[in-house]
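Chemist: Here it is: the structure, laid out below.
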DNA sequence: GGTGTATAATCGAACGATCGTTCTATTGGT
DNA sequence: ACCAATAGAACGATCGTTCGATTATACACC
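Chains as they are written, first to last, in my numbering: chain A, 1 to 188; chain B, 1001 to 1188.
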């Protein structure tokens, strides 16, 4: 186990724990044992308790997603590079498909009502970003929307499939397949 | 609220509840309030308690999935009909994309270890069934595998996307799109 | 450089509330 | 009068949270 020496390490560890047990399934006992910190120490860092920990995790994930997935689409590179960088960002963000739970943790159970609108906004912003750069390639709006949804759907579906089957290699294959489909449908 | 008058109604209601709150997020208080049955009455029907209720829900879901999604693939109809019936089954099984939680409930939290292998088997069986009927259409094995994974990935991804955005209409569009892609890739 | 002290960070014990479960008693139909 | 089905009260265990007190760290002062 990686020793926790900084606040960042702690949030990283909390992310792992919430991913493994889900929000409702994560007890303070579990948090204490897996972080190596006493219950009261956790409250020292997060006076708001479990909910504040979840917020910190969500904010970290949100920043990572923006940095790794969204910002490549807003860069100055050409279209294929944008897509390629986004897919590499996806691979980092989801740790080769092995961290497919990131969405579920906040979309299920007690945290659902809190984060639902934020997740929705992120998904729609992601889609809009894709639509925009696809339109810039000369594709009409309706088709750009359809292709954008297809891309996101394929990525999310690949995550679900990889977790369900335990075949995480399939995630990388799926990402490569997405890149192929995009170049075939848009650049030709 | 639909009044519960039979065991089947009860399991249906339990399914809804577990879907809404997740397994760990569903308390006996919630179960009692939402079913209209006292805590002890629930234990009369399910002596094994919460875990037995989850088992009953899983078995129901498992039967439904077999009936609605898998059995069309094993029927005597021609290929396009098999696929079309499967997609209609998917639509029924997931209630037009509005019941996308079915997998998550059992793949997250305390129930994870119990149902992981069963979910894996179901996913692989689904995939194998698709591979088989696609091969029968004269497609070589490797390509059949790739197409089968694509189909499942698109369906699961469409569920995630629909739930994340709240746009459940997109689920129906995605299913139609899958049908189109299949016929284009395989029947031509 | 050693020393005192403020404060950052830790901890286990204990709180009230709620958890899943069981007990005992009562209802409603046949 | 028998039994399937119901219900509320109460159980021990665990939940998230708070409390009081101890240890580690950093910095000013002699």
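For glycine and all other residues, C-beta sits at the position ideal for the given N, C-alpha and C. A quick note: this is a predicted structure, and the numbers were derived from the prediction, not measured.
Candidates 1156/B, 1006/B, 1130/B and 1146/B: which alpha carbon is nearest residue 1075/B's?
Modeler: Working through the second chain from its first residue, we reach residue 1075/B at position 75. Out of 1156/B, 1006/B, 1130/B and 1146/B, 1130/B has the C-alpha closest to the C-alpha of residue 1075/B.
Chemist: Considering Cα atoms alone, identify which of 16/A, 21/A, 9/A and 6/A is closest to residue 109/A.
Modeler: The residue labelled residue 109/A in the question sits at position 109 within the first chain. Checked all of 16/A, 21/A, 9/A and 6/A; the closest Cα to residue 109/A is 21/A.
Chemist: Hey, which unbroken runs of the alpha helix (DSSP H) at 4 residues or more fall wholly within the segment 34–110 of chain A?
Modeler: Runs found: 39–45, 49–65, 79–93 and 102–107.
Chemist: Ordered along the chain, which non-local residues of its own chain (more than five positions away) have a Cβ less than 8 Å from that of residue 1062/B?
Modeler: Against the second chain, residue 1062/B aligns to sequence position 62. Result list for residue 1062/B: 1118 and 1122, in chain order.
Chemist: What are the residues in the segment 125–154 of chain A lying within 8 Å of chain B by C-beta distance?
Modeler: Of all residues in the segment 125–154 of chain A, 127, 146, 149, 150, 152, 153 and 154 have a Cβ within less than 8 Å of some Cβ in chain B.
Chemist: Are three or more beta carbon pairs between the segment 136–143 of chain A and the segment 83–90 of chain A nearer than 8 Å?
Modeler: No, the segment 136–143 of chain A does not touch the segment 83–90 of chain A.
Chemist: Since residue 1110/B meets chain A, which of its residues come closer than 7 Å, beta carbon to beta carbon?
Modeler: Translated into positions along the second chain, residue 1110/B becomes position 110. In chain order: 25.
Chemist: To the nearest angstrom, report how far apart residue 43/A and residue 31/A are at their CA atoms.
Modeler: Within the first chain, the letter at position 43 stands for residue 43/A. Within the first chain, the letter at position 31 stands for residue 31/A. Their backbone Cα atoms lie some 11 Å apart in a straight line.
Chemist: Taking Cβ-Cβ distances shorter than 9 Å, what residues in chain B pair up with residue 69/A?
Modeler: Here residue 69/A corresponds to residue number 69 of the first chain, with the count starting at 1. None at all; the shortest Cβ gap to chain B is about 14 Å.
Chemist: With 9 Å as the threshold, decide whether the Cβ of residue 1165/B is near any Cβ in chain A.
Modeler: As a position in the second chain, residue 1165/B is number 165, starting the count at 1. Taking Cβ atoms only, chain A reaches closer than 9 Å to residue 1165/B, which makes this a yes.
Chemist: Here's the rule: buried if 16 or more other CB atoms are within 10 angstroms of the residue's CB, otherwise exposed. What is residue 1157/B?
Modeler: On the second chain, position 157 is the one that residue 1157/B refers to. With 16 or more Cβ atoms within 10 Å of its Cβ, residue 1157/B is classed as buried.
Chemist: With C-beta atoms as the reference, is residue 17/A less than 9 Å away from residue 29/A?
Modeler: The residue you call residue 17/A lines up with position 17 of the first chain. The residue you call residue 29/A lines up with position 29 of the first chain. No, the pair does not count as a contact, with Cβ atoms beyond the cut-off.
Chemist: I want to verify the contact list: residues of chain B whose CB lies under 7 Å from the CB of residue 119/A, in sequence order.
Modeler: For the purposes of this step, residue 119/A is taken as the residue at position 119 of the first chain. In chain order: 1164.
Chemist: At a cut of 8 Å, does the segment 156–172 of chain A reach the segment 1153–1170 of chain B through at least three beta carbon pairs?
Modeler: Yes, since at least three Cβ pairs between the segment 156–172 of chain A and the segment 1153–1170 of chain B fall closer than 8 Å, the two stretches touch.
Chemist: According to DSSP, simplified to helix, strand and coil, what is residue 157/A?
Modeler: Here residue 157/A is taken as the residue at index 157 of the first chain, counted from 1. It is helical.
Chemist: Spell out whether any CB of chain A is found under 9 Å from the CB atom of residue 1097/B.
Modeler: Taking the second chain and counting its residues from 1, one reaches residue 1097/B at position 97. So, not an interface residue.
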